[in-house]
Structures are given as C-alpha cells and as structure tokens.
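Student:
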Amino acid sequence: NIQCFRCLVYEYISSAYIHYLLVDCSNAPFCIYQLFYLPQEYLQHFYGYRPKSERQKRAADTDADADWSTALCDKVQKMQRFFGLPPSGELTQETLAVMKKPRCGLSDVERIGETIRWKKSTLSYRIAGHNLPIPGSKVHKVFSEAWKLWSNVAPIKFRKRKRREADIVISFHNGDHKDGSPFDGKRGVLAHAFMPGYGIGGDVHFDADEDWSFNSTGFNLFAVTVHEFGHALGLAHSSDPGAIMYPSYNFAPNNELQLSMRDVKDVQHLYGDPNFASLVSKKPPPTTPDKCDPDLSFDAVTELQQEVLFFKDRFLWRKHPQFDETGITLISSLWPESVPSYLDAAYENVEKYRIVFFKGKIKYILYLHDSSVFVSGNQYWMLRQLKLEEGFPRNISNLGFPSRIKSVDAALHFRSDRYTVFFTGHESGPVYHLLAGKHRDKALPCFLSV
34 NIQCFRCLVY
44 EYISSAYIHY
54 LLVDCSNAPF
64 CIYQLFYLPQ
74 EYLQHFYGYR
84 PKSERQKRAA
94 DTDADADWST
104 ALCDKVQKMQ
114 RFFGLPPSGE
124 LTQETLAVMK
134 KPRCGLSDVE
144 RIGETIRWKK
154 STLSYRIAGH
164 NLPIPGSKVH
174 KVFSEAWKLW
184 SNVAPIKFRK
194 RKRREADIVI
204 SFHNGDHKDG
214 SPFDGKRGVL
224 AHAFMPGYGI
234 GGDVHFDADE
244 DWSFNSTGFN
254 LFAVTVHEFG
264 HALGLAHSSD
274 PGAIMYPSYN
284 FAPNNELQLS
294 MRDVKDVQHL
304 YGDPNFASLV
314 SKKPPPTTPD
324 KCDPDLSFDA
334 VTELQQEVLF
344 FKDRFLWRKH
354 PQFDETGITL
364 ISSLWPESVP
374 SYLDAAYENV
384 EKYRIVFFKG
394 KIKYILYLHD
404 SSVFVSGNQY
414 WMLRQLKLEE
424 GFPRNISNLG
434 FPSRIKSVDA
444 ALHFRSDRYT
454 VFFTGHESGP
464 VYHLLAGKHR
474 DKALPCFLSV
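Using the working numbering, read the sequence shown as starting at 34 and increasing by one per residue.
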C-alpha cells in the first residue's frame with residue numbers, strides 16, 4: 034500500500050540505492066523484489082518481524098512494537114548489529130548486500146532461556162542416499178570429517194548407520210520437502226538443520242539445487258556441513274564473524290577450516306570438556322580479535338567518508354560518529370573478493386574519493402565512487418564497480434613508484450595540503466615517498482630525520 038511504500042522509501046532505504054534499483058537496474062522486476070519484498074521476507078524469516086496485516090489479526094497482541102514502521106526499523110537495527118553494520122535502521126546498500134548473501138536457513142534470533150542438547154554421548158547418524166548431487170563416497174567422507182571436528186572438542190561420539198533408525202538423518206532436497214521450510218533454489222538458503230529432539234530433531238537438510246563442491250568453486254560442502262552439524266548438536270547462530278556458526282556463508286579457500294574459540298566454548302557449554310588429552314599438542318582454535326584486548330595492535334587504520342575503519346587479520350571494526358557501537362565484521366563482507374586480509378597499510382584520498390590498501394608486495398587501491406585499482410608485483414588491475422576493466426593488467430610504472438619499492442609499511446593522507454605520505458622500508462633506514470596533488474605524477478623519496 035501507499036503508506037508501506039512511503040515508509041520504506043523515505044525512512045529506511047538510502048536515496049542512492051533507490052536510484053540504482055529504480056533507474057540504473059536493467060531488471061526492473063528483480064530490483065523491485067530486492068527493494069520491497071526481500072527485506073520483509075528476510076526479517077520475517079530470520080528476525081521474527083511480523084507485517085502490519087498479521088499483527089492486526091491478533092487483537093490480543095501486546096507487542097511493544099505497536100507501530101509497524103517502528104517494528105520494521107527495530108528489526109533492521111537488530112540485524113545490522115548482529116552483522117557489525119552501523120545500526121541506522123535504514124536499508125542501506127550494504128545492509129541489502131548482507132541480506133542477499135547465501136546463508137543458513139535457521140533464525141538468528143535465539144530463544145531466550147532455552148538450552149537444547151542431546152542427553153547421550155554417542156549419537157547415530159544416517160545419510161539418506163537418494164537425490165545426492167555429488168558422488169556418495171565423497172559425501173560420506175565429508176560428513177565423517179565434519180563430525181570429527183566437533184568430537185575433537187567435546188565428549189561426543191558419532192556412529193554411522195545405513196538402514197536402521199538414527200538420531201540424525203542427513204539428506205538433500207529440492208524446493209518444498211514437507212518440513213515447513215522449503216528451499217529457494219540456487220543461492221539464498223543453502224541448508225538448514227533442526228535442534229536436538231525426537232522425530233525430525235537433529236536432522237540436517239541440504240538444498241540439492243546448489244552447486245556443491247569440495248574446493249573453492251561453488252559452495253564448499255564441508256564448510257556448510259560443519260555449520261549445520263553445530264545446529265544438530267544444539268548450537269545457535271553466532272554474531273562472531275570468525276565463528277563456524279556465523280549464519281552467512283564465508284568460506285575462505287586459503288584458510289584452513291576449523292572451529293573458532295567461540296564455537297569450542299559454545300559446544301563445551303552444552304556437553305562439557307573432552308574426556309581425553311589429545312588436544313594438548315594441537316594448536317589452539319583461532320580467536321576473533323577483541324577490541325578491548327590491551328595487547329591488540331591493528332594492521333591498518335583509515336577513514337572512510339564519516340567512518341573510521343580498524344583492520345586486523347581478516348576483520349575490521351567500523352566506528353561511526355553517530356553511533357556508540359563499534360561493530361566487527363569481515364573485510365570480505367565490505368569488499369567481496371577485492372580487498373585482502375592481513376593488510377600492511379591503508380588510507381583514504383578524499384579529493385579523489387578513493388581508499389588505498391597495501392599488503393606486503395601487494396598494493397590495493399580502491400576508488401570509492403568511480404573505478405578501482407589493485408596492484409600485485411609489477412602489474413596492476415583496474416576495476417569499475419568492482420568489475421575488471423578491459424585492457425588490464427598493466428605495468429606498475431604507471432603509478433610512479435620506482436622498481437626498488439617492494440612494500441609499503443604505512444600511509445597517511447593530509448587533506449589540507451592534499452598530499453599523501455607513504456612509509457617504506459630501506460636498508461639504511463626508513464624512507465617515505467610523497468605523492469602530492471594531481472600535478473605530480475611520481476613519488477619522491479626522502480629520508481626521515483630523527
């Protein structure tokens with residue numbers, strides 16, 4: 034209705050994104066779906082939002098969110114806080130981008146005061162052999178290895194059964210498969226599982242329409258399986274972007290897949306510590322950086338429009354002047370497949386609307402409004418709206434750095450004087466290179482004096 038349209042457009046969606054969807058978009062019906070229906074469906078499914086019409090049917094409903102538009106804004110803010118986004122309550126472009134990411138089908142809203150776990154230490158599982166989209170022998174191996182990750186950190190054993198009844202039944206399905214949660218085809222919801230219990234409790238369902246794989250192409254079956262098995266054991270979704278139980282698909286092919294410290298603590302909270310000492314010799318689980326850690330050192334810090342970004346490993350914190358929260362998220366969630374992890378330096382050039390990232394021998398330059406450039410070795414690539422332009426890569430000499438410069442340790446942009454300082458290593462001491470306004474096309478070396 035008109036009230037719904039006005040509320041969404043003028044209160045909750047940024048004007049720039051509306052322009053993109055309604056003017057620049059080539060597929061109008063799909064864009065209209067993204068603009069109006071996707072957010073409502075997402076918030077209904079994962080955050081318990083109920084539309085105005087549904088609440089009006091429940092006269093006895095005493096929900097504090099009596100005003101439907103306020104309820105929508107509150108749910109958007111809750112979702113933004115969960116994913117480390119600025120909690121504006123507006124459906125910004127990056128908020129919509131998170132909503133469109135492939136993910137698990139379970140809700141992100143945990144049931145308060147409810148702890149669900151299996152009451153026994155040995156669980157049986159069975160793989161329903163029909164409708165497997167990939168060879169069965171490989172599927173069995175993936176599932177066995179996924180169970181092992183969990184049994185390594187908690188006193189639980191898993192036994193496979195072929196035909197007999199099992200605690201956990203694992204299967205692949207297309208579309209509506211009569212469990213109340215139909216799959217939506219390619220992408221979208223990849224899989225879902227049920228918390229421990231009788232009947233369907235503990236069962237795990239995968240969307241057979243997905244492009245499942247055992248490597249970096251398509252969706253990695255092992256990564257999704259470990260996540261869904263966590264639900265089958267009783268774990269809810271985690272807002273820790275480094276956790277296996279993070280709801281969005283964030284498999285990084287260059288990183289070994291393992292349970293995070295958050296995952297380990299959560300499963301041990303349900304089942305206790307493992308009753309063996311084999312973990313002593315193994316390396317500890319990875320830990321997501323804590324902004325309150327007194328020993329924390331950042332890889333890079335830079336401004337981005339009104340925000341300040343703090344980079345550490347695969348993560349970044351975002352501090353916006355309008356909000357008290359400093360949310361943590363993955364670098365890849367802001368720049369998918371563009372900006373690397375473990376940066377060395379970063380800076381924003383306000384005059385040219387670009388942000389520059391450096392990593393060892395790799396230098397990344399991202400123009401925020403127009404085009405993007407990233408450099409590796411003696412070549413660089415240009416991207417426009419994060420898509421590779423024709424005619425690239427080209428030689429790094431076009432950027433003005435001499436051939437002896439192999440890495441950048443830090444960078445600092447001076448807005449008032451309109452020049453940038455790059456700090457680089459040198460045998461006889463640190464050197465910095467000035468890259469001034471648009472009339473200077475080469476970096477000038479200078480030695481720092483103490």
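Ideal Cβ positions, reconstructed from N, Cα and C, are used throughout, including at glycine.
Let me know the secondary structure DSSP gives G360 once reduced to three states.
Tutor: Three-state DSSP puts G360 in a strand.
Student: Just confirm the distance between the C-beta atoms of Q291 and P327, as a whole number of angstroms; I'd bet it's less than 8 Å.
Tutor: Going by Cβ atoms, the distance from Q291 to P327 rounds to 26 Å, so no, they are not a contact pair.
Student: So, are the CB atoms of M132 and L71 less than 8 Å apart?
Tutor: It is a contact, given that the beta carbons lie within the stated cut-off.
Student: What would DSSP say about R197, mapped onto helix, strand or coil?
Tutor: Three-state DSSP puts R197 in coil, outside helix and strand.
Student: Going by beta-carbon coordinates alone, are V341 and K324 separated by less than 8 Å?
Tutor: Not closer than 8 Å, so no.
Student: For E243, does the count of other Cβ atoms within 10 angstroms reach 16, so buried, or fall short, so exposed?
Tutor: Classification for E243: buried.
Student: Decide if V237 is buried, meaning its Cβ has at least 16 other Cβ atoms within 10 Å, or exposed.
Tutor: Answer is buried; the Cβ neighbour count reaches 16.
Student: Can you have a look at H163 and say buried or exposed, based on whether 16 or more other CB atoms are within 10 angstroms of its CB?
Tutor: With fewer than 16 other Cβ atoms within 10 Å, it is exposed.
Student: S154: which of T103, D212, P229 and I160 sits nearest, CA to CA?
Tutor: Minimum Cα distance to S154 is reached at P229.
Student: Applying the criterion that 16 or more other CB atoms from any shown protein chain within 10 Å of the CB defines a buried residue, is R196 buried or exposed?
Tutor: R196 is exposed by the Cβ-count criterion.
Student: Sort K345, S366, S246 and W350 by Cα distance to L376 and report the nearest one.
Tutor: Of the listed residues, the one whose Cα sits closest to L376 is K345.
Student: Assess contact between the stretch 125-139 and the stretch 163-182, defined as three or more Cβ pairs (one per stretch) separated by less than 8 Å. Is contact present?
Tutor: The stretch 125-139, when compared against the stretch 163-182, does not touch it at the 8 Å Cβ threshold.
Student: In chain order, what residues of the same chain lie with their CB nearer than 6 Å to the CB of C106, ignoring the 5 residues before and after it?
Tutor: Hits under 6 Å: G122.
Student: Restricting to Cα atoms, I'd like to know which of G360, V222 and G263 is closest to D299.
Tutor: Selected option, being the one with the closest Cα: G263.
Student: Between the stretch 275-294 and the stretch 133-141, do three or more beta carbon pairs fall short of 8 Å?
Tutor: With the cut-off at 8 Å, the stretch 275-294 and the stretch 133-141 touch.
Student: By the DSSP assignment, the alpha helix (DSSP H) with F176 in it spans what residues?
Tutor: Run containing F176: G169 to S184, per the alpha helix (DSSP H) assignment.
Student: Given this structure, state the Cα-to-Cα distance separating I201 from L156, to the nearest angstrom.
Tutor: Whole-angstrom Cα-Cα distance: 8 Å.
Student: Confirm, please, whether the CB-CB distance from F239 to A224 is below 8 Å.
Tutor: In contact: A224 and F239 (Cβ atoms closer than 8 Å).
Student: Excluding the five sequence neighbours on either side, which residues of its own chain have a C-beta within less than 6 Å of the C-beta of R295, listed in chain order?
Tutor: Here the set comprises S271, D273 and A276.
Student: When burial is assigned at 16 or more other CB atoms within 10 Å of the CB, is D332 buried or exposed?
Tutor: Its Cβ being crowded by 16 or more others within 10 Å, D332 is buried.
Student: Roughly how many angstroms lie between the CA atoms of L254 and R437, to the nearest whole one?
Tutor: L254 and R437: Cα-Cα distance of roughly 44 Å.
Student: How would you label G117, buried or exposed, when you count the other beta carbons within 10 angstroms and need 16 or more for buried?
Tutor: Label assigned to G117: buried.
Student: Quick test of your reading: A226 and A265, contact by CB under 8 Å. State the CB separation rounded to the nearest angstrom.
Tutor: Going by Cβ atoms, the distance from A226 to A265 rounds to 5 Å, so yes, they are a contact pair.
Student: For S204 and A269, which I take to be in contact (beta-carbon distance under 8 Å), what is that distance rounded to the nearest angstrom?
Tutor: Not really, about 22 Å apart at Cβ, beyond 8 Å.
Student: Which class does V131 belong to by DSSP, given the choice of helix, strand or coil?
Tutor: Residue state, collapsed to three classes: helix.
Student: Measure from the alpha carbon of T148 to the alpha carbon of each residue in L363, L329, L337 and H302, then state which is nearest.
Tutor: It is H302.
Student: CB-CB under 7 Å to H260, same chain, minus the five flanking residues each way: which ones, in chain order?
Tutor: Hits under 7 Å: C137, I277 and M278.
Student: Could you tell me which residues DSSP pairs with F331 in its beta bridges?
Tutor: According to DSSP, which records beta bridges pairwise, F331 is partnered with nothing at all.
Student: Can you tell me whether L329 is buried or exposed? The criterion is at least 16 other CB atoms within 10 Å of its CB, across all chains shown.
Tutor: L329 should be labelled exposed.
Student: Please classify S366: is it buried, with 16 or more other beta-carbons within 10 angstroms of its beta-carbon, or exposed?
Tutor: It is buried - the Cβ of S366 has at least 16 other Cβ atoms within 10 Å.
Student: Using only CA atoms, which one of G81, K134 and P135 lies nearest to V109?
Tutor: Considering only alpha carbons, the answer is G81.
Student: Excluding sequence positions up to five away, which residues of its chain have a Cβ less than 6 Å from the Cβ of R220?
Tutor: Contacts found: P135.
Student: Starting from T258, follow the alpha helix (DSSP H) in both directions and report where the run begins and ends.
Tutor: Where T258 is concerned, the enclosing alpha helix (DSSP H) stretches over L254 to A265.
Student: Considering only the beta carbon of each residue, do W350 and F356 sit closer than 8 Å?
Tutor: Going by C-beta atoms, W350 is not nearer than 8 Å to F356.
Student: For D258 and R192, I'd like the C-alpha separation in whole angstroms.
Tutor: Contrary to the premise, residue 258 reads as Thr rather than Asp in this sequence. Whole-angstrom Cα-Cα distance: 16 Å.
Student: S246 bridges to which residues according to DSSP?
Tutor: DSSP output for S246 lists N253 as bridge partner(s).
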